[in-house]
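*Asks:* The following block contains the structure, expressed as structure tokens.
2 protein chains.
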Amino acid sequence: MMEFNFSDRMNALQPSAIREILKATAGKDVIAFSAGNPSPESFPAEEMAKIAAEIFSDNYAAALQYGITEGLPALREQTFARLKEKFSIGRDFDNLIITSGGQQAIELSTKVLVNEGDTVICEDPSFIGALNAIRSYKPNLVGVPMDEEGIDVARVEEILKTDDKVKLIYVIPTFQNPSGGVMSLARRKALLELAVRYNVMILEDNPYYELRFSGEHIPTIKSMDETGHVIYAGSYSKIISPGMRIGFCVAPENLIQKIVVAKQVSDVHTNQFFMMLVSEYLRRCDIDAHIRGICELYGHKAELMYSELLKHNKGYFEVKKPEGGLFMWLKMPKGNGAELAKLAAARGVAVVPGSAFLADESAVSPCIRLNYSLPSDEDIVRGIAILCEVAAQYLSDK
Amino acid sequence: MMEFNFSDRMNALQPSAIREILKATAGKDVIAFSAGNPSPESFPAEEMAKIAAEIFSDNYAAALQYGITEGLPALREQTFARLKEKFSIGRDFDNLIITSGGQQAIELSTKVLVNEGDTVICEDPSFIGALNAIRSYKPNLVGVPMDEEGIDVARVEEILKTDDKVKLIYVIPTFQNPSGGVMSLARRKALLELAVRYNVMILEDNPYYELRFSGEHIPTIKSMDETGHVIYAGSYSKIISPGMRIGFCVAPENLIQKIVVAKQVSDVHTNQFFMMLVSEYLRRCDIDAHIRGICELYGHKAELMYSELLKHNKGYFEVKKPEGGLFMWLKMPKGNGAELAKLAAARGVAVVPGSAFLADESAVSPCIRLNYSLPSDEDIVRGIAILCEVAAQYLSDK
Chain A
1 MMEFNFSDRM NALQPSAIRE ILKATAGKDV IAFSAGNPSP ESFPAEEMAK
51 IAAEIFSDNY AAALQYGITE GLPALREQTF ARLKEKFSIG RDFDNLIITS
101 GGQQAIELST KVLVNEGDTV ICEDPSFIGA LNAIRSYKPN LVGVPMDEEG
151 IDVARVEEIL KTDDKVKLIY VIPTFQNPSG GVMSLARRKA LLELAVRYNV
201 MILEDNPYYE LRFSGEHIPT IKSMDETGHV IYAGSYSKII SPGMRIGFCV
251 APENLIQKIV VAKQVSDVHT NQFFMMLVSE YLRRCDIDAH IRGICELYGH
301 KAELMYSELL KHNKGYFEVK KPEGGLFMWL KMPKGNGAEL AKLAAARGVA
351 VVPGSAFLAD ESAVSPCIRL NYSLPSDEDI VRGIAILCEV AAQYLSDK
Chain Y
399 MMEFNFSDRM NALQPSAIRE ILKATAGKDV IAFSAGNPSP ESFPAEEMAK
449 IAAEIFSDNY AAALQYGITE GLPALREQTF ARLKEKFSIG RDFDNLIITS
499 GGQQAIELST KVLVNEGDTV ICEDPSFIGA LNAIRSYKPN LVGVPMDEEG
549 IDVARVEEIL KTDDKVKLIY VIPTFQNPSG GVMSLARRKA LLELAVRYNV
599 MILEDNPYYE LRFSGEHIPT IKSMDETGHV IYAGSYSKII SPGMRIGFCV
649 APENLIQKIV VAKQVSDVHT NQFFMMLVSE YLRRCDIDAH IRGICELYGH
699 KAELMYSELL KHNKGYFEVK KPEGGLFMWL KMPKGNGAEL AKLAAARGVA
749 VVPGSAFLAD ESAVSPCIRL NYSLPSDEDI VRGIAILCEV AAQYLSDK
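If you read the protein sequences in the order shown, they are chains A and Y. The numbering of the first sequence is the numbering used here, which starts it at 1 and goes up by one. The numbering of the second sequence is the numbering used here, which starts it at 399 and goes up by one.
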């Protein structure tokens, strides 16, 4: 086999451990707590089928043809209007581009802003897909730990004080992946204040925001951005369908213009048919009611997983009851989440080791991440029992 | 408005002149010879509508869910098998990934192979979307002129001899965009021989290959690649639909593995629904018969445009009758294609100036590119008459 000299930026980058786990378990009879997938019950398939048939009969020539890089104008307007009205996101200086999933908004933002050797600050642990997108432009990636209120802003300020190459602060303030944590309002304000003071951009990744099933909404950082220091990445993946790959990005107009150039050379535009389909769905259906249904479903599943953990967990895990999102984050008093994950997989339960989410890829974590949106109720009950058995054995051997 | 410090790689990159022309003329009553769009008549919409309805009724949970980065396994197998059987493309050491259009194959190949400051060789002129994708990783982009037989391989060899940083040779050997030219078999062999001797990868971009309406197929460079020196980028855009953004990339297995990592962080995977739709289309429909229909249509349109040019062209343009693809390339004996394009636009005829395709963005070209696949027969007749009037005036003023 020919040996390639890969580019420096990609040379060390490995496939996401999670997606490798998913590939390895695809089609196998395992209880999958390892995914980040929404439940298929969350897809408004009936309405989508109806709209799709209408597009094919009335408007196929536009739906199958090339579109413009910025995205379907109607969908851009509807998306931006909804963000403004419901969440006060976006000012006159902002614009919105449709992206091929929220992932692309993260990759393109990094591409247009970050030089090799620049510093990017992230929460630690954080979403591996975003960390790898950022790593693929070879910055100095600096992880900052979180506590109950979110990222340690004092530590962020220390870095900003001593490192004048910080270009981006990447955060998932609401239902953080993997920790499930929610950044407090005070921390959000403090982080934005730092970004303005040090003239650094915040990339607010917010795919789970609307999946709150208890507690009160906390304003996004972007909703407080009066100076253009926040890039907002959102997505229809968790509220309509992830397979269609439709996300969006709100940022100051001249930054969006540069992201458009980057998207043009990346994939020209997002799937045109599904942009039309989502636009029509938003026009004629009640997406807020649909999202309330998803929240009810996930609230039930989270409650079930939490109560099963209460039943079987004899101090193996530190657990917090989630108020939204897709994940629970379990911390053992000692040991290595990767070892536990391996033992659980051998018993037919797939979980993701916490180390997969660390800014330092060689570090060890006593945590694992569980997903509750995809598994059936029955799998949740069986899987948590098995997981706790495995943990009991693992920790007593330590 | 906040001023951003964009990354060095993106700082100088401008939106594609063509896409800006397309945006400016969208919805306006112009005769558009400026697009690169297939005809909507080339979309097998009826079959697609039927398959789409079936996917929604039988298999929506998979079609709307996350998929794997490599692409739908069935579609990968079908695509690879067809390339092997029909065109002898791919050896045991090769693999295939589904990409979000052929564009993404070009962008990802550059990302994984080319460091800033490395050299990339391209035909001059060449496809602006590819040149910009390559430029976005800040290489030294070196354009090599073409003659009737294609790229000047002696010049390529000179560069390879004196520059040890050449990483990639980007070519569109068949129905080149914008020149419409076809590289001779001898040149293809010579170029491959050079790539092997100097251990440099060729990126063969081949979206128009099957759109031949006269003359004989010439083997792709990839079909002669026994050593893994060719990356092959192909697409369903011109034979099924461009709006769905489905392309593919064939390359040695370990290179594909790295491209998978790059795609994972870029858009996770290509639109899952349309991968299933195309897979099912290939299974039950006769794509070769469908392509023969497209070739008949474009052969007619090319013939019409060529004969109208014969009628009105009094030495304003050097014209060659196309044997396939989407474009005609017109060269004036003097003057600037950009000036002609501006005058033609004022008369309601949109064409793309040749300078938009040059490796040196500040250079001037006496050429323009015309597309014949999208305009109606009536528009071709009217548009060519107007264009020749404008050229007569422009050249007499020179």
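Don't be surprised by glycine CBs; every beta carbon is placed ideally from N, CA and C. Just so it is clear, the structure is predicted and the values come from calculations on it, not from any experiment.
Would you list, in chain order, the members of the stretch 458 to 488 of chain Y that have their beta-carbon closer than 7 angstroms to a beta-carbon of chain B?
*Replies:* The question asks about chain B, but that chain is absent: this structure's protein chains are A and Y.
*Asks:* Return no unless some Cβ of chain A is closer than 8 angstroms to the Cβ of P413(Y).
*Replies:* Mapped onto the second sequence, residue 413(Y) falls at position 15. Interface residue, yes.
*Asks:* Can you give me the C-alpha to C-alpha distance between Y679(Y) and V518(Y), rounded to a whole angstrom?
*Replies:* Here residue 679(Y) is taken as the residue at index 281 of the second sequence, counted from 1. Here residue 518(Y) is taken as the residue at index 120 of the second sequence, counted from 1. Going by the C-alpha atoms only, they are around 37 angstroms apart.
*Asks:* Residue range of the alpha helix (DSSP H) that F671(Y) falls in?
*Replies:* The residue labelled residue 671(Y) in the question sits at position 273 within the second sequence. 670 to 682 is the span of the alpha helix (DSSP H), which, as asked, contains F671(Y).
*Asks:* Beta carbons nearer than 7 angstroms to chain A: which residues of the stretch 636 to 647 of chain Y have them?
*Replies:* S639, P640, G641, M642, R643
*Asks:* Helix, strand or coil: which one does DSSP assign to Y170(A)?
*Replies:* Along the first sequence, read from residue 1 onward, the residue named residue 170(A) stands at position 170. It is a strand residue.
*Asks:* If I follow the unbroken beta strand (DSSP E) through G541(Y), where does it start and stop?
*Replies:* For the purposes of this step, residue 541(Y) is taken as the residue at position 143 of the second sequence. 538 to 545 is the span of the beta strand (DSSP E), which, as asked, contains G541(Y).
*Asks:* Examine the Cβ distances between the stretch 371 to 381 of chain A and the stretch 319 to 327 of chain A and report whether three or more of them are shorter than 8 angstroms.
*Replies:* yes
*Asks:* How is the beta strand (DSSP E) around S235(A) delimited, first residue to last?
*Replies:* Numbered from its first residue, the first sequence carries residue 235(A) at position 235. Note, S235(A): beta strand (DSSP E), 230 to 235.
*Asks:* Along the stretch 507 to 527 of chain Y, what residues have a CB closer than 7 angstroms to any CB found in chain A?
*Replies:* K509, V510, L511, V512, N513, G527
*Asks:* Please classify V250(A): does DSSP put it in a helix, a strand, or coil?
*Replies:* For the purposes of this step, residue 250(A) is taken as residue 250 along the first sequence, with counting starting at 1. The answer is strand: DSSP assigns V250(A) an E or B state.
*Asks:* By Cβ distance, which residues of its chain are closer than 8 angstroms to M703(Y), with the 5 residues on each side in sequence left out?
*Replies:* For the purposes of this step, residue 703(Y) is identified with residue 305 of the second sequence, where counting begins at 1. Cβ within range, chain order: M726, L768, Y770, I778, I782.
*Asks:* May I ask which residues mark the beginning and end of the alpha helix (DSSP H) holding F485(Y)?
*Replies:* For the purposes of this step, residue 485(Y) is taken as the residue at position 87 of the second sequence. Run containing F485(Y): 471 to 485, per the alpha helix (DSSP H) assignment.
*Asks:* What runs of the beta strand (DSSP E), each 3 residues or longer, lie entirely inside the stretch 570 to 628 of chain Y?
*Replies:* Complete beta strand (DSSP E) runs here, min 3: 599 to 603.
*Asks:* Could you give the distance in angstroms between the alpha-carbon of K719(Y) and the alpha-carbon of A649(Y)?
*Replies:* As a position in the second sequence, residue 719(Y) is number 321, starting the count at 1. As a position in the second sequence, residue 649(Y) is number 251, starting the count at 1. Going by the C-alpha atoms only, they are around 33 angstroms apart.
*Asks:* How should G117(A) be labelled, buried or exposed, when 16 other C-beta atoms within 10 angstroms of its C-beta is the threshold for buried?
*Replies:* As a first step, residue 117(A) is located in the first sequence; it is residue number 117 there, counting from the start. The residue in question, G117(A), is exposed, as its Cβ has fewer than 16 Cβ neighbours within 10 Å.
*Asks:* Residues in the same chain with beta-carbon distance under 7 angstroms from E445(Y), minus the five sequence neighbours each way, listed in chain order, please.
*Replies:* For this step, residue 445(Y) is matched to residue 47 along the second sequence. Cβ neighbours of E445(Y) beyond the five flanking positions: Y679, C683.
*Asks:* Would you tell me roughly how many angstroms separate the C-alpha atoms of A528(Y) and Y316(A), rounded to the nearest one?
*Replies:* Indexing the second sequence from 1 puts residue 528(Y) at position 130. Indexing the first sequence from 1 puts residue 316(A) at position 316. Those two C-alpha atoms are separated by around 54 angstroms.
*Asks:* So, helix, strand or coil for D427(Y), using DSSP?
*Replies:* Within the second sequence, numbered from 1, the residue matching residue 427(Y) stands at position 29. DSSP places D427(Y) in coil when its eight states are reduced to three.
*Asks:* Assuming contact is defined by CB atoms lying nearer than 8 angstroms, are M581(Y) and E555(Y) in contact in what I supplied?
*Replies:* The sequence position of residue 581(Y) within the second sequence is 183, counting from 1. The sequence position of residue 555(Y) within the second sequence is 157, counting from 1. No, these two residues do not count as a Cβ contact at 8 angstroms.
*Asks:* Compute every distance between the C-beta of S440(Y) and the non-hydrogen atoms of the ligand NAP, then say whether any falls below 7 angstroms.
*Replies:* In the structure on display, the ligand NAP does not appear, and there are no ligands present to speak of.
*Asks:* Roughly how many angstroms separate the alpha carbons of Q103(A) and N575(Y), rounded to a whole number?
*Replies:* The count along the first sequence starts at 1 and reaches residue 103(A) at position 103. The count along the second sequence starts at 1 and reaches residue 575(Y) at position 177. In a straight line, the C-alpha of Q103(A) is about 31 angstroms away from that of N575(Y).
*Asks:* Alpha carbon to alpha carbon, how far is I169(A) from M201(A)? Give it in angstroms, no decimals.
*Replies:* The sequence position of residue 201(A) within the first sequence is 201, counting from 1. The sequence position of residue 169(A) within the first sequence is 169, counting from 1. Going by the C-alpha atoms only, they are around 6 angstroms apart.
*Asks:* From the beta carbon of F573(Y), is the nearest beta carbon of chain A less than 8 angstroms away?
*Replies:* On the second sequence, residue 573(Y) is found 175 positions in, with the first residue counted as 1. Cβ-Cβ to chain A under 8 angstroms: no for F573(Y).
*Asks:* Excluding the 5 residues preceding and the 5 following Q65(A) in the sequence, name in chain order all residues of the same chain whose CB lies nearer than 8 angstroms to its CB.
*Replies:* One-based indexing of the first sequence puts residue 65(A) at position 65. Contacts found: Q272.
*Asks:* So which of L108(A), G180(A), L395(A), V144(A) has the shortest CA-CA distance to L160(A)?
*Replies:* Translated into positions along the first sequence, residue 160(A) becomes position 160. Closest by alpha carbon: V144(A).
*Asks:* Secondary structure at P40(A), three-state DSSP: helix, strand or coil?
*Replies:* Position 40 of the first sequence, counted from the first residue, corresponds to residue 40(A). It is helical.
*Asks:* With a cut-off of 8 angstroms, does the C-beta of N711(Y) fall near any C-beta of chain A?
*Replies:* Taking the second sequence and counting its residues from 1, the one referred to as residue 711(Y) is at position 313. Cβ-Cβ to chain A under 8 angstroms: no for N711(Y).
*Asks:* Do you know offhand how far H217(A)'s Cα is from G299(A)'s?
*Replies:* For the purposes of this step, residue 217(A) is taken as residue 217 along the first sequence, with counting starting at 1. For the purposes of this step, residue 299(A) is taken as residue 299 along the first sequence, with counting starting at 1. Spanning the two alpha carbons is a distance of roughly 15 angstroms.
*Asks:* Taking the straight line between their C-alpha atoms, what separation do you get for D58(A) and S774(Y)?
*Replies:* Numbered from its first residue, the first sequence carries residue 58(A) at position 58. Numbered from its first residue, the second sequence carries residue 774(Y) at position 376. So the two alpha carbons sit approximately 20 angstroms from each other.
*Asks:* Could you give the distance in angstroms between the alpha-carbon of Q14(A) and the alpha-carbon of V659(Y)?
*Replies:* The sequence position of residue 14(A) within the first sequence is 14, counting from 1. The sequence position of residue 659(Y) within the second sequence is 261, counting from 1. Going from the Cα of Q14(A) to the Cα of V659(Y) covers about 7 angstroms.
*Asks:* Could you pull out every residue in the same chain whose Cβ sits closer than 8 angstroms to the Cβ of V788(Y), ignoring the five residues on either side in sequence?
*Replies:* Stepping through the second sequence from its first residue, residue 788(Y) is reached at position 390. So the qualifying residues of the chain are L738, L741, A742, R745, V747.
*Asks:* For the beta strand (DSSP E) containing L768(Y), name the first residue and the last one.
*Replies:* The sequence position of residue 768(Y) within the second sequence is 370, counting from 1. First-last of the beta strand (DSSP E) with L768(Y): 765 to 769.
*Asks:* Give every residue of the same chain whose Cβ lies closer than 8 angstroms to the Cβ of L108(A), excluding the five residues on either side of it in the sequence, and list them in chain order.
*Replies:* Translated into positions along the first sequence, residue 108(A) becomes position 108. Answer for L108(A): T99, C249, I259, A262, K263, S266, listed in chain order.
*Asks:* Residues of chain Y with CB under 7 angstroms from E204(A), in chain order?
*Replies:* Numbered from its first residue, the first sequence carries residue 204(A) at position 204. Here the premise fails: no neighbours, minimum Cβ distance about 16 angstroms.
*Asks:* Between F431(Y) and E716(Y), what straight-line distance do the alpha-carbon atoms span, to the nearest angstrom?
*Replies:* Here residue 431(Y) is taken as the residue at index 33 of the second sequence, counted from 1. Here residue 716(Y) is taken as the residue at index 318 of the second sequence, counted from 1. Cα to Cα, the separation comes out at about 17 angstroms.
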